[in-house]
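Below: the structure, in structure tokens.
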Amino acid sequence: MQEKRFVKVRADFTLDGRVVPLKFRTEDGPAFVIDRIVDIRPAPSLKSGGQGMRYTCRVGDRMLFLFHDRTHWFVESVDQA
Amino acid sequence: MDRVILHVDANSFYASVEVLYHPELRGRPVSVCGDPEARHGIVLASTPPAKKRGVKTGMAIWQARQCCPGLICIPPHYDLYLHFSRMIRAIEEEYTDRVEAFGLDENWLDVSRPGHPFADGIPIAEEIRRRVREELGITVSVGVSFNKVLAKLGSDMKKPDATTVLDRDSWRERVWPLPVSDLLYVGPRTLRKLLPLGIRTIGDLAAAPETVLTGRLGKIGLMLKVFACGLDRAPVRPVQVEETIKSVGNSATAPHDVATREDARCVLYLLAESVGARLREAGFRCSTVSVSARTVSLACFSHQACLPRPTNITAEIGACACRLFEERCADALPLRSLGVSCTELVPEDAPLQTDLAGEARRERRETLDASLDGLRRRFGHQVVQRGIVLSDTAFAAVNPREEHLIHPIALLR
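Those protein sequence lines, which keep their order, are chains A and B. Under the numbering used here, the first sequence is numbered contiguously, ending at residue 239. Under the numbering used here, the second sequence is numbered contiguously, ending at residue 919.
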């Protein structure tokens with residue numbers, strides 16, 4: 159189990175109705191810029207609990223999951239294969 | 507051509523959603539329970555570890571704790587369940603537009619397509635099951651058959667996260683040995699009538715003579731025989747969870763037992779008020795009012811009466827409910843809970859036979875109800891109350907309209 163880390167997100171709301179997150183930050187931590195979104199799909203978060211649209215993001219040299227669960231956003235680390 | 511009907515049943519739905527949001531509870535005995543303070547303290551759903559130790563839906567919390575020490579009880583979050591219910595439905599609607607909701611956690615799908623064999627339904631069932639698991643993180647069981655009754659039976663046969671196919675060739679040998687109580691609409695009361703006839707399995711029911719069944723159970727007997735013979739032809743009707751208005755009803759478990767006739771009148775008027783408001787909001791009048799009651803020993807019964815003409819006026823519904831109560835239920839006091847429901851709905855704009863003598867009074871009451879609805883919409887339910895309701899302050903605090911539960915809708919219409 160992993161502690162659920164909610165984040166503030168800055169995102170683009172595109173003309174065709176998609177939401178593209180650009181960067182995020184925890185309550186008072188530094189901001190992280192999302193370099194690339196590798197995958198977008200609805201999925202459960204089995205580590206921190208929840209379900210929503212899951213963005214697989216590359217931030218620097220790390221991959222992580224950014225979840226949009228109805229009204230909230232949270233991040234989860236990705237197990238490197 | 508045979509139809510291809512799927513029945514998709516979410517496994518331990520409320521409990522699965524709660525565990526998904528609380529991963530620390532995974533693998534532990536968890537039950538979603540009503541609020542014991544408001545005396546709704548019963549088990550609504552449980553995880554497999556709790557079920558394994560004998561916890562059953564509908565048990566009181568103390569009973570559940572007795573058979574499963576260490577049981578974790580959590581309160582329900584209906585908005586979250588509704589959200590998941592809608593997401594399951596959205597997945598299903600990618601395969602067919604014929605999706606019929608049966609409560610929050612069950613849906614029938616008609617996936618038949620002209621020119622396609624029955625077996626084509628199986629990959630659809632598998633795909634829905636996989637997608638719900640991968641996208642939503644909960645599991646469903648799917649029954650695949652050629653009618654709704656058998657599809658539902660199938661989804662119960664293997665759990666969790668499994669597909670059961672009951673096709674023309676195999677359904678008899680798999681379904682007929684099952685206990686008759688597994689069949690849709692054979693509840694404890696029907697079972698008590700069937701057992702003395704020597705009907706124990708679904709096969710027994712299929713073989714029973716019609717005259718015996720109708721003699722004991724009326725036309726329901728015939729319907730059950732049709733179910734058991736695999737002859738159900740009911741179509742899958744596109745039904746949303748939210749739009750299944752065939753009846754409007756409310757029941758309330760009172761904060762303390764309903765001990766006297768005055769208490770009962772108070773609760774009945776409180777319920778009539780909420781039922782009436784919902785009827786008016788949905789634009790219906792009802793022709794039948796029924797009162798249901800649960801005694802302190804948890805026995806249930808209900809009685810109904812026809813109204814001389816359709817109504818949605820609180821005072822008329824309340825008066826009818828109280829009359830029914832006085833005539834039929836008053837001997838059963840004290841009661842644990844009471845319910846009022848209205849059926850035989852007609853649209854509000856349907857032509858109505860007016861009553862020369864009473865019309866003016868009726869119009870006054872309609873105006874009064876409209877004003878009360880308006881006040882409550884703007885300032886909340888408690889802003890204006892009936893005098894009778896104030897006779898007991900504990901009852902006055904109950905707001906049946908906003909606290910009503912989401913019940914599965916009935917198949918019989």
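Where is the CB? At the ideal position from N, CA and C, for every residue including glycine.
- Rounded to whole angstroms, what's the CA-CA distance from Asp855 (chain B) to Glu872 (chain B)? Just pull it up for me. Walking along the second sequence from the start, residue 855 (chain B) turns up at place 349. Walking along the second sequence from the start, residue 872 (chain B) turns up at place 366. Taking the straight line from one Cα to the other gives about 14 Å.
- Which residue comes first and which comes last in the alpha helix (DSSP H) that contains Tyr775 (chain B)? In the second sequence, counting from the first residue as 1, residue 775 (chain B) sits at position 269. That run of the alpha helix (DSSP H) goes 767-788.
- Of the listed residues B:Val795, B:Arg800, B:Leu711, B:Arg695, nearest to Asn818 (chain B) (C-alpha basis): On the second sequence, residue 818 (chain B) is found 312 positions in, with the first residue counted as 1. The shortest C-alpha separation from Asn818 (chain B) is found at B:Val795.
- Going by other Cβ atoms of all chains shown within 10 Å of its Cβ, with 16 needed for buried, is Met507 (chain B) buried or exposed? For the purposes of this step, residue 507 (chain B) is taken as residue 1 along the second sequence, with counting starting at 1. Answer is exposed; the Cβ neighbour count stays below 16.
- Which of helix, strand or coil does DSSP assign to Met507 (chain B)? Here residue 507 (chain B) is taken as the residue at index 1 of the second sequence, counted from 1. Looking at Met507 (chain B) - three-state DSSP - the assignment turns out to be coil, as it is neither helix nor strand.
- Query: In terms of residues, what are the limits of the alpha helix (DSSP H) holding Val523 (chain B)?
  - Reply: Residue 523 (chain B) sits at position 17 when you count from the first residue of the second sequence. That run of the alpha helix (DSSP H) goes 519-527.
- Query: Helix, strand or coil: which one does DSSP assign to Met593 (chain B)?
  - Reply: The residue given as residue 593 (chain B) occupies position 87 in the second sequence. Three-state result, Met593 (chain B): helix.
- Message: Checking 8 Å against the spacing of the C-beta atoms, do Ser537 (chain B) and Cys579 (chain B) come in under that value?
- Response: The count along the second sequence starts at 1 and reaches residue 537 (chain B) at position 31. The count along the second sequence starts at 1 and reaches residue 579 (chain B) at position 73. Yes, these two residues count as a Cβ contact at 8 Å.
- Query: For chain A, is any of its Cβ atoms less than 8 Å away from the one on Leu526 (chain B)?
  - Reply: In the second sequence, residue 526 (chain B) corresponds to position 20, counting from 1. Closer than 8 Å to some Cβ of chain A, the Cβ of Leu526 (chain B) qualifies, so yes.
- Message: Taking the alpha carbon of Arg163 (chain A) as the reference point, which residue from A:Ile195, A:Met221, A:Val196, A:Phe182 has its own alpha carbon closest?
- Response: The residue you call residue 163 (chain A) lines up with position 5 of the first sequence. The residue with the shortest Cα to Cα distance from Arg163 (chain A) is A:Phe182.
- Could you name the residues that DSSP lists as bridge partners for Glu234 (chain A)? To locate residue 234 (chain A), count along the first sequence from 1; it is residue 76. According to DSSP, which records beta bridges pairwise, Glu234 (chain A) is partnered with A:Phe223.
- Task: Ignore the nearest five residues each way along the sequence and tell me which others in Trp231 (chain A)'s own chain have a CB closer than 8 Å to its CB.
- Result: As a position in the first sequence, residue 231 (chain A) is number 73, starting the count at 1. So the qualifying residues of the chain are Phe164, Val165, Lys166, Val167, Pro179, Phe182, Leu224, Phe225.
- Item | For Val890 (chain B) and Leu878 (chain B), believed in contact at Cβ under 8 Å, the rounded distance | Here residue 878 (chain B) corresponds to residue number 372 of the second sequence, with the count starting at 1. Here residue 890 (chain B) corresponds to residue number 384 of the second sequence, with the count starting at 1. Yes, Leu878 (chain B) and Val890 (chain B) are in contact; Cβ-Cβ is about 6 Å, under 8 Å.
- Task: Kindly indicate if chain A contains any beta-carbon less than 8 Å away from that of Tyr520 (chain B).
- Result: Along the second sequence, one-based indexing puts residue 520 (chain B) at 14. Answer no: the Cβ-Cβ gap between Tyr520 (chain B) and chain A never drops below 8 Å.
- Message: Looking at Gly627 (chain B): is its Cβ nearer than 8 Å to the Cβ of Val646 (chain B)?
- Response: Here residue 627 (chain B) refers to the residue found at position 121 of the second sequence. Here residue 646 (chain B) refers to the residue found at position 140 of the second sequence. No, Cβ-Cβ distance for Gly627 (chain B) and Val646 (chain B) is not below 8 Å.
- Within this structure, are the beta carbons of Arg509 (chain B) and Ser618 (chain B) separated by less than 8 Å? Start at 1 with the first residue of the second sequence, and residue 509 (chain B) comes out as number 3. Start at 1 with the first residue of the second sequence, and residue 618 (chain B) comes out as number 112. Result yes, Cβ atoms of Arg509 (chain B) and Ser618 (chain B) sit closer than 8 Å.
- Task: Return helix, strand or coil for Glu497 (chain B), following the three-state DSSP convention.
- Result: Here chain B has residues from 507 to 919 only, and residue 497 (chain B) is not among them.
- Query: Got a sec: is the Cβ-Cβ distance from Ala239 (chain A) to anything in chain B below 8 Å?
  - Reply: Here residue 239 (chain A) is taken as the residue at index 81 of the first sequence, counted from 1. Legend: pLDDT at Ala239 (chain A) = 46, less than 50; position of this residue unreliable, no value from coordinates given.
- Query: Does Arg149 (chain A) have its Cβ less than 8 Å from a Cβ in chain B?
  - Reply: An answer regarding residue 149 (chain A) cannot be provided, because it is not within the stretch 159 to 239 covered by chain A.
- Query: What three-state label does DSSP hand Gln888 (chain B) in the structure shown?
  - Reply: The residue labelled residue 888 (chain B) in the question sits at position 382 within the second sequence. DSSP places Gln888 (chain B) in helix when its eight states are reduced to three.
- Straight-line CA distance for Ile708 (chain B) to Leu586 (chain B)? As a working mapping, residue 708 (chain B) is identified with position 202 in the second sequence. As a working mapping, residue 586 (chain B) is identified with position 80 in the second sequence. The alpha-carbon separation between Ile708 (chain B) and Leu586 (chain B) amounts to approximately 37 Å.
- Measure the C-alpha to C-alpha separation of Leu577 (chain B) and Arg571 (chain B) and round it to an integer number of angstroms. In the second sequence, residue 577 (chain B) corresponds to position 71, counting from 1. In the second sequence, residue 571 (chain B) corresponds to position 65, counting from 1. When rounded, the distance between both Cα atoms is 6 Å.
- Query: Are the segment 826-843 of chain B and the segment 802-816 of chain B touching by the rule of at least three beta carbon pairs closer than 8 Å?
  - Reply: yes
- Partners in chain A for Glu640 (chain B), counting only beta-carbon separations shorter than 9 Å: As a first step, residue 640 (chain B) must be located in the second sequence, where it is residue number 134. Per Cβ cutoff of 9 Å: Arg199, Pro200, Ala201, Pro202.
- Check whether Gly755 (chain B) and Val852 (chain B) have beta carbons under 8 Å apart: Along the second sequence, one-based indexing puts residue 755 (chain B) at 249. Along the second sequence, one-based indexing puts residue 852 (chain B) at 346. It is not a contact, given that the beta carbons lie outside the stated cut-off.
- Query: Comparing the C-beta of Lys205 (chain A) with each C-beta of chain B, is any distance below 8 Å?
  - Reply: For this step, residue 205 (chain A) is matched to residue 47 along the first sequence. For Lys205 (chain A), the answer is yes, since a Cβ of chain B falls inside 8 Å of its Cβ.
- Message: Comparing C-alpha positions only, which one of B:Arg867, B:Leu512, B:Val638 sits nearest to Arg592 (chain B)?
- Response: Sequence index remark: in the second sequence, residue 592 (chain B) carries index 86 (1-based). Residue B:Val638 is the option with its Cα nearest to Arg592 (chain B).
- Task: Starting from Leu839 (chain B), trace the alpha helix (DSSP H) both ways and give me its first and last residue.
- Result: Reading the second sequence from its first residue, position 333 is the one you call residue 839 (chain B). Looking at the DSSP string, Leu839 (chain B) is not in any alpha helix (DSSP H), and its letter there is neither H nor E.
- Message: Per DSSP, what are the beta-bridge partners of Ser843 (chain B) in this structure?
- Response: For the purposes of this step, residue 843 (chain B) is identified with residue 337 of the second sequence, where counting begins at 1. In DSSP, Ser843 (chain B) forms a bridge with B:Thr759, B:Arg800.
- Return the first residue and the last residue of the beta strand (DSSP E) that Glu543 (chain B) is part of. Indexing the second sequence from 1 puts residue 543 (chain B) at position 37. Element bounds for Glu543 (chain B): n/a, residue is neither H nor E.
- Reference Pro741 (chain B), options B:Val655, B:Arg791, B:Pro814, closest by Cα: Translated into the one-based positions of the second sequence, residue 741 (chain B) becomes position 235. Among B:Val655, B:Arg791, B:Pro814, the Cα nearest to that of Pro741 (chain B) is on B:Val655.
- Query: Quick one: is Gly782 (chain B) near chain A, going by C-beta distance under 8 Å?
  - Reply: Stepping through the second sequence from its first residue, residue 782 (chain B) is reached at position 276. No - not a single Cβ of chain A is within 8 Å of the one on Gly782 (chain B).
- Message: Which residues in chain B have a C-beta closer than 8 Å to the C-beta of Gly208 (chain A)? List them in chain order.
- Response: On the first sequence, residue 208 (chain A) is found 50 positions in, with the first residue counted as 1. Correct list: Leu526, Tyr527.
- Query: If you check the beta carbons only, do Leu672 (chain B) and Leu730 (chain B) fall under 8 Å apart?
  - Reply: Looking up residue 672 (chain B) in the second sequence gives position 166. Looking up residue 730 (chain B) in the second sequence gives position 224. Contact annotation: Leu672 (chain B) and Leu730 (chain B) have beta-carbon atoms that are not nearer than 8 Å.
- Message: Check whether chain A comes within 8 Å of His583 (chain B), counting only Cβ atoms and requiring the distance to be less than that.
- Response: By one-based count along the second sequence, residue 583 (chain B) stands at place 77. Answer no: the Cβ-Cβ gap between His583 (chain B) and chain A never drops below 8 Å.
- Identify which residue in B:Ala713, B:Glu768, B:Leu659 has its Cα closest to the Cα of Leu896 (chain B). Here residue 896 (chain B) corresponds to residue number 390 of the second sequence, with the count starting at 1. For Leu896 (chain B), the nearest C-alpha among the options comes from B:Glu768.
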